[in-house]
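The listed protein sequences derive, respectively, from chains A and B. All residue numbers for the first sequence refer to this note's numbering, where the first residue is -7 and numbers rise by one. All residue numbers for the second sequence refer to this note's numbering, where the first residue is 31 and numbers rise by one. All residues carry an ideal CB built from backbone N, CA and C; glycine is no exception. Have a look at the structure below before the remarks.
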Amino acid sequence: MLMALAASPAFAQAAAQPAKIDAADTAWMISATGLVLMMSIPGLALFYSGMVRKKNVLATMAQTLAAVALGSILWMAIGYSLAFTGNSPAIGTFDRALLLGMDMNAISPLAKNIPESVFMFYQMTFAVITVALVAGSVADRMRFSAYLWFVAGWLLLVYVPIAHWVWGGGFLGTAGVLDFAGGLVVHLNAGIGGLVACYLLGARRGYGTDNLAPYDLSLAVIGTGLLWVGWFGFNGGSALGANSRAGFAVLATHLAACAGVLTWMILEWWDRGKPSVLGMISGAVAGLGTITPASGFVLPWHGIVIGIVAGAVCYWACTKLKTKCRYDDSLDVFGVHGIGGATGTILAGVFAVAAVGDTAGLLEGNSGQVLVQLYGIGVTLAWSGAVTFMLLKVIGFFLPLRVREEDERIGLDVSLHGESLQ
Amino acid sequence: MKLVIAIIKPFKLDEVRDALTALGVHGMTVTEVKGFGRQKGHTEIYRGAEYAVNFLPKLKIEVGVEDGIADKVVAAIGSAAKTGQIGDGKIFVYDLDRAVRIRTGETDNDAL
Chain A
-7 MLMALAASPA FAQAAAQPAK IDAADTAWMI SATGLVLMMS IPGLALFYSG
43 MVRKKNVLAT MAQTLAAVAL GSILWMAIGY SLAFTGNSPA IGTFDRALLL
93 GMDMNAISPL AKNIPESVFM FYQMTFAVIT VALVAGSVAD RMRFSAYLWF
143 VAGWLLLVYV PIAHWVWGGG FLGTAGVLDF AGGLVVHLNA GIGGLVACYL
193 LGARRGYGTD NLAPYDLSLA VIGTGLLWVG WFGFNGGSAL GANSRAGFAV
243 LATHLAACAG VLTWMILEWW DRGKPSVLGM ISGAVAGLGT ITPASGFVLP
293 WHGIVIGIVA GAVCYWACTK LKTKCRYDDS LDVFGVHGIG GATGTILAGV
343 FAVAAVGDTA GLLEGNSGQV LVQLYGIGVT LAWSGAVTFM LLKVIGFFLP
393 LRVREEDERI GLDVSLHGES LQ
Chain B
31 MKLVIAIIKP FKLDEVRDAL TALGVHGMTV TEVKGFGRQK GHTEIYRGAE
81 YAVNFLPKLK IEVGVEDGIA DKVVAAIGSA AKTGQIGDGK IFVYDLDRAV
131 RIRTGETDND AL
């Protein structure tokens, strides 16, 4: 009888790694999953749609909604399996395609205290918000049908491999790259994808000449608040349990957001004469995106330093770099998330504290960690940039990526969705 | 009869309404409008992108009055809407040929 039990694969696995579903961890991770989903809908939907013109508000919300709906189904169908199963350095397996074999008691070796269903769902919310983020770069001009193909292709060809490399047992994680909650996988990835996409689609009509002022920044402020609170699930949940590391992560996250707000506000006040509300919320998101890879590896007060750097470099990227390079990254996905994600990934290598996340950074004498972080940035940049480019070229071969000129002029709400704000 | 049209700063509406009520003017029509005169516009900055906003929000008041009080109405609007700052607005006076109160069919001065 004992022999028979020992021979069964399930028993062998359980013996090799003590995996047991913990009630507190599971409760926190289900909550965190809800928080991260709230970041997309309604958080990101409000944040983005408040920054576009009135005629494109609903179309912008539609992009986030579609990314959540389509991305979630694809994640369940195949994305999760390819990202988070197997031991290959390159890509996962089909073992969990359509959640095959994921019974009630299943536990992923990557999250040993919670049901695999919760782990899979938690990671799903990351995948869909990353795709939805990219849409901000091409706001006001992308054809909805082309966008849906882009969501599907980008999720599977760009997000899934990078998530596997960093978090799913792939070669970047093995190389020691620190990315607690997605500085590379989510923010730099979305930022580069957005930058390539806005170059390929071209600028909005009237960019640089017409008044493209936001329709209603109060929506964007509400969206920022929802993103901010949701980020506690994003970074705190990345501890994959209800523990003190999650506590450190959410505290550092909040402090970085605050430092980002104040830094952007002061810089703009000094540079342009007035502290704008759009600047303050931009600083918040910059701080949040930048602390993301470092949270869970650093001390809470490091969040303030990282938030200050985030506010400064992202302010520079959005107001100076963009003008200089003349790309129309409409909602500054690259300037905030791309630059912030890369900066935070480097700073994780600088500030990492061994007592927090088992890895020492530059300040604790491990100078090599910064090089490892740069390696992660280089790989993410190259893959996300190249595959986004090829994907859009292929989609563009079959159907136009942009709406027609007159449709763009009358607005995407009417021309794409047959609705409008009154 | 005269039709007095005044373009004023939005926050001056209540003062203008009170001044006209004191003169025995029983009604008026107010519309939100945009425009510019010597005030020109202002600049808005969104993440470094500067936009010149040339058309500023104003209110347009339309009020039909008897010939006898037209000058008093103009003077009342003028003093009630005045701040002394650029952008206070303008008053235009037109001759008014006919007026009809739809409910009763009264015409001209009786309809005002």
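- Contact check between the region 59 to 72 of chain B and the region 83 to 96 of chain B: three or more CB pairs, one atom from each, fall below 8 Å, which counts as touching.
- Taking 9 Å as the cut-off, the beta carbon of glycine 222 of chain A is found no closer than this to the beta carbon of tryptophan 20 of chain A.
- The beta carbon of glutamate 62 of chain B sits no closer than 9 Å to any beta carbon of chain A.
- Proximity of alanine 59 of chain A to chain B, defined by a Cβ-Cβ separation below 9 Å, is not satisfied.
- In the three-state reduction of the DSSP assignment, phenylalanine 122 of chain B falls in the strand class, which pools E and B.
- Residues of chain B with a Cβ closer than 8 Å to the Cβ of leucine 50 of chain A do not exist; the shortest Cβ-Cβ separation is about 21 Å.
- In this structure, leucine 180 of chain A and threonine 337 of chain A form a Cβ contact; the two beta carbons are roughly 7 Å apart against a cut-off of 8 Å.
- In the structure shown, arginine 394 of chain A falls within a strand segment according to DSSP collapsed to helix, strand and coil.
- Shown here is that no member of the region 97 to 125 of chain B has a Cβ falling below 8 Å from a Cβ of chain A.
- Nearest Cα to histidine 56 of chain B within the set B/Val95, B/Ala111 and B/Phe122: B/Val95.
- Here the alpha carbon of proline 206 of chain A sits roughly 17 Å from the alpha carbon of lysine 266 of chain A.
- Pairing isoleucine 121 of chain A with valine 28 of chain A gives a Cβ-Cβ distance under 9 Å.
- With fewer than 16 neighbouring CB atoms inside 10 Å of its own CB, leucine 391 of chain A falls in the exposed class.
- With respect to chain B, the C-beta atom of lysine 46 of chain A has no partner C-beta closer than 9 Å.
- Here the region 163 to 180 of chain A makes no contact with the region 393 to 413 of chain A; the two share fewer than three CB pairs at distances below 8 Å.
- Around the beta-carbon of methionine 382 of chain A, fewer than 16 other beta-carbon atoms lie within 10 Å, marking it exposed.
- Using a Cβ-Cβ cut-off of 9 Å, glycine 78 of chain B is close to Glu260, Asp263, Arg264, Tyr307, Cys310, Thr311, Lys312, Lys314 and Thr315 of chain A, given in chain order.
- Collapsing the DSSP output to three states places alanine 241 of chain A in a helix.
- Listed along chain B are Arg77, each with a C-beta nearer than 7 Å to that of aspartate 324 of chain A.
- At least one CB atom of chain A sits nearer than 9 Å to the CB of alanine 82 of chain B.
- Nothing from the region 373 to 395 of chain A brings a Cβ to less than 9 Å from some Cβ of chain B.
- Considering only beta carbons, the part of the region 181 to 215 of chain A lying closer than 8 Å to chain B consists of Asn203, Leu204, Ala205 and Pro206, in chain order.
- Residue burial annotation: glutamine 115 of chain A is buried, with at least 16 other C-beta atoms found within 10 angstroms of its C-beta.
- Put simply, the CB of serine 274 of chain A is near chain B, with a gap under 9 Å to one of its CB atoms.
- Judged by DSSP in its simplified three-state form, threonine 59 of chain B adopts strand.
- Lysine 90 of chain B: not part of any alpha helix (DSSP H); member of the beta strand (DSSP E) spanning 86 to 95, first to last residue.
- Residue pairing for glycine 65 of chain B: DSSP places it in a beta bridge opposite B/Leu86.
- Neighbours of glutamate 74 of chain B across chain A, judged by C-beta separation under 8 Å: Ala205.
- A Cβ-Cβ contact shorter than 9 Å links glycine 54 of chain B with isoleucine 99 of chain B.
- The C-beta distance from tyrosine 307 of chain A to glutamate 260 of chain A rounds to 7 Å, short enough to fall under 8 Å.
- Cβ atoms of arginine 133 of chain A and glutamate 400 of chain A come within 8 Å of each other, at about 6 Å.
- DSSP places isoleucine 37 of chain B inside the beta strand (DSSP E), whose first and last residues are 32 to 38.
- Not one beta carbon of chain B lies nearer than 9 Å to the beta carbon of leucine 355 of chain A.
- A straight line joining the alpha-carbon of leucine 354 of chain A with that of valine 364 of chain A spans about 11 Å.
- The way I'd put it, the region 288 to 308 of chain A does touch the region 244 to 256 of chain A; three or more beta-carbon pairs between them come closer than 8 Å.
- When CB distances to chain B are screened at a threshold of 8 Å, not a single residue of the region 139 to 161 of chain A falls below it.
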